[in-house]
């Protein structure tokens with residue numbers, strides 16, 4: 001039996017508790033939050049769980065095997081470092097840390113302590129994303145030409161990370177999950193309308209040497225909610241609309257062929273449009289699969305789908321995005337060791 | 001009675017003929033196209049219109065008062081120069097020319113010859129865009145924070161201009177029409193998947209010193225057709241979906257207020273969501289209003305809504321976009337005289 | 001070469017002219033309408049077509065081979081009778097006549113005169129309906145359980161026929177086209193809100209002995225336009241939305257199985273949901289195929305898809321519907337010879 | 001403090017428990033269900049609630065003040081009778097009972113015992129329905145001409161009541177809530193495809209002497225889920241789509257005016273279309289307001305919105321619907337005392 005402590009009981013907290021409570025051989029022992037009104041919510045819903053105000057009540061508790069950290073990003077590193085130091089497995093909400101240095105230090109520490117360090121990119125566990133992975137790996141789409149994501153709504157402004165860190169983090173994790181190629185470079189632009197230097201609108205482009213181009217359009221100030229990813233292969237194209245209740249993925253059997261000529265301005269393009277199909281996908285709650293993946297990693301030593309490496313790769317891109325923004329959108333080339 | 005000659009009878013040609021035929025005090029006398037199969041289409045639909053293969057049959061015809069140029073962009077300058085030289089009024093399909101130098105020369109020539117030089121940014125005449133202009137000018141939206149457009153479908157690849165010149169041209173003309181501020185700088189990235197150096201996917205950001213940010217996402221290789229513009233003001237926000245048959249505009253009475261604190265990472269944001277309303281708009285065909293505007297400008301000396309200045313302003317931005325793309329997305333600052 | 005005369009140049013008139021003009025070996029010679037403003041429209045668009053005010057200018061013209069009748073329904077019988085009497089082929093806009101007696105007399109007369117008598121149920125020629133026919137005939141849907149159509153919008157009130165005659169006529173023709181079984185009985189209810197005894201809202205149910213049930217919901221006073229047909233088979237189900245620009249048909253691989261028990265109130269039902277697919281359909285204009293079908297029938301003696309028998313079958317159901325409405329919605333059993 | 005017992009822990013059970021637990025001065029003491037697997041669910045989620053297999057453990061418990069009955073309809077009457085007999089307040093899930101006789105007996109018994117007898121028509125408490133009520137009562141729609149509801153999906157077949165009892169019950173309750181006029185007559189048709197005499201497709205029309213007509217289209221075997229109500233007044237029309245996550249109601253400022261003439265077939269109709277607006281509605285969970293309404297009725301003697309009278313009125317219509325179905329769709333006139 002794995003005894004969990006959860007640090008931070010904000011919007012995501014109740015979902016974490018509910019899903020971890022449902023995992024076999026796992027129980028939530030303690031939840032910590034500084035805010036008394038949050039703690040009282042736990043007591044009323046889950047009288048059996050101990051609620052505490054101090055993180056140390058969890059971090060220093062020898063009866064706790066693993067810690068889930070669901071606090072603002074800027075606090076992740078310190079809490080995770082202490083938790084690993086105390087010999088506990090760690091699950092961090094995304095994005096992993098405030099920068100890649102912190103992420104690398106945690107990875108090193110987890111290695112030393114031989115503990116699981118996992119990052120919760122929940123979307124990787126969604127039935128739709130699993131199905132898209134299956135379609136791409138099965139060769140349905142052919143070579144990928146573009147990945148175009150839009151993620152916008154009104155709210156929730158984050159105080160310490162900009163909208164790309166908050167929202168594009170989801171789509172970047174999906175992009176990395178779907179393709180094997182490493183990104184070559186990143187451009188980002190954006191705008192802060194709140195005077196605190198935190199962009200609430202952000203646009204990012206990721207370039208690949210294969211010709212793939214990825215684009216991200218994120219906003220906290222859109223009146224319409226939108227969560228879509230469009231993926232174009234040279235055989236088929238996929239449209240993923242995460243707000244559709246059931247029909248989340250459409251596979252378009254369409255494309256184009258071109259022939260160039262010696263003459264300038266002479267290109268002949270043939271377009272092909274065919275059937276569309278909407279594959280059935282699993283509607284199992286992604287967070288429950290994620291929770292089970294974490295517990296499994298602890299108990300059986302398996303590598304989680306959303307592991308520390310995938311968490312770090314997302315960080316690298318977000319860090320490059322910040323560098324680009326600070327340099328007026330200049331291209332930032334990523335160095336991969 | 002204004003006698004028109006139309007040069008180029010491609011996809012847009014039949015619509016031009018139909019709409020100009022319906023304008024009072026105007027008739028289409030000749031249509032020129034090099035392709036015999038296009039000419040035979042005219043003869044069958046409009047036996048009264050003379051169809052010719054050589055542009056000069058129009059340009060040198062003293063019975064023709066005005067020329068509509070609907071040919072590939074790279075031919076615009078030469079044809080328009082000749083037409084103005086022959087003392088004819090000129091309407092150019094968008095975008096105006098291949099570069100701003102050409103545009104400036106045509107503007108100068110039109111001034112010398114005292115002829116109308118107009119660019120057909122049809123979208124400016126659409127009921128939806130007219131209504132959005134009215135809402136913004138009437139103060140409904142308040143100060144604008146963003147303008148976010150997406151224009152994508154499968155096809156029609158252009159041989160001589162990239163997807164931003166082809167598609168974003170529409171949205172840039174709308175943006176310029178709606179706001180009075182001059183843009184400060186432009187970033188663009190994109191990708192060509194056809195080996196001819198013409199980007200079929202393009203992303204552009206335009207920055208303004210007021211804090212407004214404009215973004216454009218254009219693609220010729222999307223399986224889904226999408227033509228939307230989202231406009232965010234600090235009072236209200238507007239969603240314009242040009243593919244909706246009737247309900248093209250939604251006005252959202254929503255927004256946010258924020259309060260900063262001395263403490264880092266401490267921002268309090270209040271969100272407000274209210275009613276949405278869908279104003280009734282005119283469904284008159286935009287092209288017919290554009291055609292009448294051109295004829296009016298010739299006959300009465302009025303300034304068309306979509307005039308040579310608005311055509312030139314779109315060119316400036318597209319040229320800066322090209323410069324940015326050639327320089328790996330670097331910010332290109334626009335100089336306005 | 002078939003010389004056509006078209007009687008009635010209302011909303012549908014220009015479409016008929018355009019499409020018949022485009023059929024090989026067929027030309028529109030004359031168009032008749034009592035309203036001068038309608039005739040002047042023809043002259044301006046099609047100077048080569050003679051426009052006349054009197055129907056007899058067409059009916060008595062020996063140079064006219066075939067007549068298309070696009071006038072109010074209550075005039076159909078007299079005009080068609082004269083036309084057949086003059087040895088002309090006849091195409092009637094739907095619904096065929098004001099009652100089945102008239103329809104039967106016309107059919108008899110056409111037989112005597114050996115002329116084509118056809119009814120224009122255009123929807124039968126639509127790519128979507130052709131595809132649905134193909135799917136059902138190919139066994140994809142299995143045995144049909146229901147057919148559920150909704151056709152509503154604001155306007156156009158008809159003066160002489162109620163909303164079921166006007167709108168359900170389309171869907172009944174499709175239903176008859178798709179299945180081979182004869183209907184057993186009809187129920188209809190409705191309401192007139194305009195004081196002239198012509199129902200502007202109508203609901204009809206058609207029962208079949210096989211267990212198929214068909215329902216029709218029609219309205220001229222709905223603020224939303226809707227044109228959908230849902231078809232449920234025991235293998236697959238089809239959703240046809242005629243307002244979708246491209247993706248008009250969705251085929252759902254879903255269903256249910258049930259097991260009854262001896263115990264009352266004990267039924268076990270298993271539901272199955274699978275992929276959805278959206279077949280590519282032809283987007284050729286249905287009216288052009290209909291026009292060619294009429295010309296073909298005249299020239300080669302083929303039986304049109306939308307022939308006088310299918311026209312009559314629609315009439316039988318509409319007449320039963322009227323009987324049901326007049327008798328407070330009582331079931332009206334259809335007698336088939 | 002009101003101590004509740006809940007009888008029946010099916011699909012709706014967990015929602016009832018969660019919502020009643022959240023009502024002030026109310027607690028769920030016991031839940032009864034014959035199925036052990038359902039009881040074990042309660043124990044795991046709510047260890048503080050006692051779970052029992054026998055209804056009598058609740059009905060005979062003097063510590064329980066009120067009973068919520070969420071079992072198949074055919075069991076409602078017996079359980080409710082016992083509960084009232086034991087002096088407990090009763091909340092019945094909709095529809096109230098198997099017939100109006102049972103409903104009338106329970107109402108009489110509740111009167112004798114001076115206990116609250118309430119029926120849970122949850123939809124009446126939804127923000128959208130409350131807003132529609134406000135719009136109609138405020139005169140926005142003018143005189144109502146029609147009410148047209150569609151409620152369909154795949155599943156859940158009920159064993160003892162047909163699809164109109166199951167699904168139309170919601171819409172009938174809304175209709176009765178919105179208008180004051182008593183219905184005049186009912187027609188229903190439908191079809192059973194499962195051999196047990198329980199219709200899985202049903203169509204019902206309700207006629208009113210004022211000219212209002214109401215229609216209901218219900219199905220358990222539709223591949224698409226649909227929950228819409230269209231309401232047409234002579235001033236404005238309302239479209240309510242309960243599947244829209246936020247924009248559930250659209251108010252159309254449209255209509256028509258007509259002028260009749262002495263001449264037959266001469267009606268002149270003018271159509272008017274204007275703005276559409278989407279009012280903001282409360283997104284509070286309807287079931288929580290319903291739960292509070294029940295507790296309030298017990299504690300303060302208030303009349304619940306969804307009370308025994310509204311429950312009975314729904315029953316009367318459903319009973320007439322059954323009579324109509326059994327008589328081949330014949331009109332059944334309702335007698336109101």
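Protein chains in written order, with the numbering used here: chain Y, 1 to 337; chain V, 1 to 337; chain E, 1 to 337; chain U, 1 to 337. Idealized CB from N, CA, C, for every residue including glycine.
request  = Name, please, each residue of chain V whose Cβ falls closer than 8 Å to the Cβ of residue 95 of chain E.
outcome  = Along the third chain, one-based indexing puts residue 95 of chain E at 95. None at all; the shortest Cβ gap to chain V is about 27 Å.
Subject >> One or two residues paired with residue 227 of chain V in a DSSP bridge >> reply: Translated into the one-based positions of the second chain, residue 227 of chain V becomes position 227. Residue 227 of chain V pairs with V:151.
Practice problem: Determine the chain E residues that contact residue 275 of chain Y at a beta-carbon separation under 7 Å, and present them in chain order. | Solution: Here residue 275 of chain Y refers to the residue found at position 275 of the first chain. At a beta-carbon threshold of 7 Å, the residues of chain E lying near residue 275 of chain Y are 277, 278, 279, 280, ordered along the chain.
*Leaving out five residues before and five after residue 302 of chain U in sequence, what residues of the same chain have Cβ atoms less than 7 Å from its Cβ?*
Position 302 of the fourth chain, counted from the first residue, corresponds to residue 302 of chain U. Once the five neighbours on either side are set aside, the close Cβ partners of residue 302 of chain U are 296.
**Item:** CB-CB length for residue 278 of chain V against residue 66 of chain V, believed under 8 Å
**Value:** For the purposes of this step, residue 278 of chain V is identified with residue 278 of the second chain, where counting begins at 1. For the purposes of this step, residue 66 of chain V is identified with residue 66 of the second chain, where counting begins at 1. Not a contact, Cβ separation roughly 38 Å.
Looking only at its chain, what residues have a beta carbon closer than 6 Å to the beta carbon of residue 88 of chain Y, apart from the 5 residues adjacent to it on each side? Mapped onto the first chain, residue 88 of chain Y falls at position 88. 66, 67.
### Task
Leaving aside the five residues before and after residue 98 of chain V along the sequence, list all residues of the same chain whose C-beta is less than 6 Å from its C-beta, in chain order.
Mapped onto the second chain, residue 98 of chain V falls at position 98. Short of 6 Å from the beta carbon of residue 98 of chain V, and not among the five residues preceding or following it, lie these beta carbons of its own chain, in chain order: 73, 74.
**Prompt:** Going by C-alpha distance, which of E:157, E:128, E:179 is nearest residue 271 of chain U?
**Reply:** For this step, residue 271 of chain U is matched to residue 271 along the fourth chain. By alpha-carbon distance to residue 271 of chain U, the top candidate from E:157, E:128, E:179 is E:157.
Open item on the list: What residue range does the alpha helix (DSSP H) around residue 250 of chain V cover?
Closed with: The count along the second chain starts at 1 and reaches residue 250 of chain V at position 250. Looking at the DSSP string, residue 250 of chain V is not in any alpha helix (DSSP H); the run it does join, the beta strand (DSSP E), is 249-260.
message = Measuring only the C-alpha atoms, how far is residue 199 of chain U from residue 252 of chain Y?
response = As a first step, residue 199 of chain U is located in the fourth chain; it is residue number 199 there, counting from the start. As a first step, residue 252 of chain Y is located in the first chain; it is residue number 252 there, counting from the start. C-alpha separation (whole angstroms): 38 Å.
*Closest to residue 195 of chain Y by CA distance: which of V:264, V:56, V:172, V:241 is it?*
As a working mapping, residue 195 of chain Y is identified with position 195 in the first chain. Closest option to residue 195 of chain Y, Cα to Cα, is V:264.
- State the start and end residues of the unbroken alpha helix (DSSP H) segment that holds residue 289 of chain V. By 1-based counting over the second chain, the position of residue 289 of chain V is 289. Per DSSP, residue 289 of chain V belongs to the alpha helix (DSSP H) from 286-300.
- Task: Would you verify that the beta carbon of residue 25 of chain V is, or is not, closer than 9 Å to some beta carbon of chain A?
- Result: Of the chains in the structure shown, none is chain A; the protein chains are Y, V, E and U.
Using a Cβ-Cβ distance under 9 Å, would residue 129 of chain E count as near chain U? Residue mapping note: residue 129 of chain E aligns to position 129 of the third chain, counting from 1. Residue 129 of chain E is outside the set of residues whose beta carbon lies under 9 Å from a beta carbon in chain U.
Open item on the list: Please classify residue 246 of chain E as buried or exposed, where buried requires at least 16 neighbouring CB atoms within 10 angstroms.
Closed with: What you label residue 246 of chain E is simply residue 246 of the third chain in a count that begins at 1. Label assigned to residue 246 of chain E: exposed.
- prompt: Under a CB-based cut-off of 9 Å, is residue 133 of chain U close to chain Y?
  reply: The sequence position of residue 133 of chain U within the fourth chain is 133, counting from 1. Against chain Y, the CB of residue 133 of chain U has no partner CB under 9 Å away; the residue lies outside that interface.
_Identified DSSP bridge partners for residue 218 of chain Y_ = Locating residue 218 of chain Y in the first chain gives position 218, counting from the first residue. According to DSSP, residue 218 of chain Y bridges with Y:151, Y:202.
Report buried or exposed for residue 35 of chain V, applying the criterion of at least 16 other Cβ atoms within 10 angstroms of its Cβ. Here the question's residue 35 of chain V lines up with position 35 in the second chain. Counting Cβ neighbours within 10 Å, residue 35 of chain V comes out exposed, since fewer than 16 surround it.
Q.
Quick check: what's the CA-CA separation for residue 41 of chain E versus residue 149 of chain Y?
A. Against the third chain, residue 41 of chain E aligns to sequence position 41. Against the first chain, residue 149 of chain Y aligns to sequence position 149. Residue 41 of chain E and residue 149 of chain Y have their C-alpha atoms some 49 Å from each other.
In chain order, each alpha helix (DSSP H) run of at least 4 residues that lies wholly inside the stretch 75-110 of chain Y = Complete alpha helix (DSSP H) runs here, min 4: 76-85.
Could you check if residue 47 of chain Y is buried or exposed, using at least 16 other CB atoms within 10 Å of its CB as the buried criterion? Looking up residue 47 of chain Y in the first chain gives position 47. Flag for residue 47 of chain Y reads exposed.
For residue 337 of chain E, three-class secondary structure by DSSP: Residue 337 of chain E sits at position 337 when you count from the first residue of the third chain. Caution is warranted here: a pLDDT of 49 is assigned to residue 337 of chain E, below 50, making its placement in the model unreliable, and the coordinate value is therefore given only provisionally. Note: residue 337 of chain E maps to coil in three-state DSSP.
Should residue 223 of chain V and residue 254 of chain Y be called a contact, given that it needs their Cβ atoms to be closer than 9 Å?
Indexing the second chain from 1 puts residue 223 of chain V at position 223. Indexing the first chain from 1 puts residue 254 of chain Y at position 254. In this structure, residue 223 of chain V sits near residue 254 of chain Y, with a CB-CB distance shorter than 9 Å.
Original post:
What residues in the stretch 21-54 of chain Y bring their beta carbon closer than 8 Å to a beta carbon of chain U?
Top reply: When C-beta distances to chain U are compared with 8 Å, the residues of the stretch 21-54 of chain Y below that value are 47, 48, in chain order.
Could you work out which residues of chain U lie near residue 331 of chain E, taking near to mean beta carbons separated by less than 7 Å? Taking the first residue of the third chain as 1, we reach residue 331 of chain E at position 331. Against residue 331 of chain E, the close residues of chain U are 328, 329, in the order they occur along the chain (beta-carbon pairs closer than 7 Å).
For this session: Return helix, strand or coil for residue 6 of chain V, following the three-state DSSP convention.
Result: Along the second chain, read from residue 1 onward, the residue named residue 6 of chain V stands at position 6. Of the three classes helix, strand and coil, the one that applies to residue 6 of chain V here is strand, per DSSP.
Practice prompt. Can you check DSSP and say which residues form a bridge with residue 32 of chain E?
Written response: Translated into positions along the third chain, residue 32 of chain E becomes position 32. Under the DSSP definition of a beta bridge, residue 32 of chain E partners with E:7, E:52.
field: Alpha-carbon spacing of residue 322 of chain Y relative to residue 188 of chain Y, whole angstroms
entry: One-based indexing of the first chain puts residue 322 of chain Y at position 322. One-based indexing of the first chain puts residue 188 of chain Y at position 188. Answer to the nearest angstrom: the Cα atoms are 7 Å apart.
Residue(s) in a DSSP beta bridge with residue 58 of chain V:
Sequence index remark: in the second chain, residue 58 of chain V carries index 58 (1-based). In the DSSP output, where bridge partners are listed per residue, residue 58 of chain V has none listed.
Cutoff 9 Å: residue 247 of chain U Cβ touching any chain V Cβ
For the purposes of this step, residue 247 of chain U is taken as residue 247 along the fourth chain, with counting starting at 1. By this cut-off, residue 247 of chain U is an interface position.
| residue 193 of chain U versus residue 92 of chain Y: straight-line alpha-carbon distance, rounded | Along the fourth chain, read from residue 1 onward, the residue named residue 193 of chain U stands at position 193. Along the first chain, read from residue 1 onward, the residue named residue 92 of chain Y stands at position 92. Rounded to the nearest whole angstrom, the CA to CA distance from residue 193 of chain U to residue 92 of chain Y is 52 Å.
- Task: Give a yes or no on contact between the stretch 201-209 of chain U and the stretch 226-238 of chain U, applying the rule of three or more CB pairs nearer than 8 Å.
- Result: No, the stretch 201-209 of chain U does not touch the stretch 226-238 of chain U.
Own chain, CB closer than 8 Å to residue 334 of chain Y, minus 5 neighbours either side, in chain order: Your numbering for residue 334 of chain Y matches position 334 in the first chain. Cβ within range, chain order: 182, 183, 184, 185, 186, 316, 317, 320.
| task | Run the CB neighbour count on residue 260 of chain E, radius 10 Å, all protein chains shown included, and call it buried at 16 or more, exposed below. | result | To locate residue 260 of chain E, count along the third chain from 1; it is residue 260. Looking at its Cβ environment, which holds fewer than 16 other Cβ atoms inside 10 Å, residue 260 of chain E is exposed.
Query - Inter-stretch contact at 8 Å, needing at least 3 Cβ pairs: the stretch 5-19 of chain V / the stretch 206-224 of chain Y - result: Cβ pair count under 8 Å is below three, so no.
- Please classify residue 237 of chain E: is it buried, with 16 or more other beta-carbons within 10 angstroms of its beta-carbon, or exposed? Taking the third chain and counting its residues from 1, one reaches residue 237 of chain E at position 237. In the assembly as shown, residue 237 of chain E is a buried residue. Its beta-carbon has 16 or more other beta-carbons within 10 Å.
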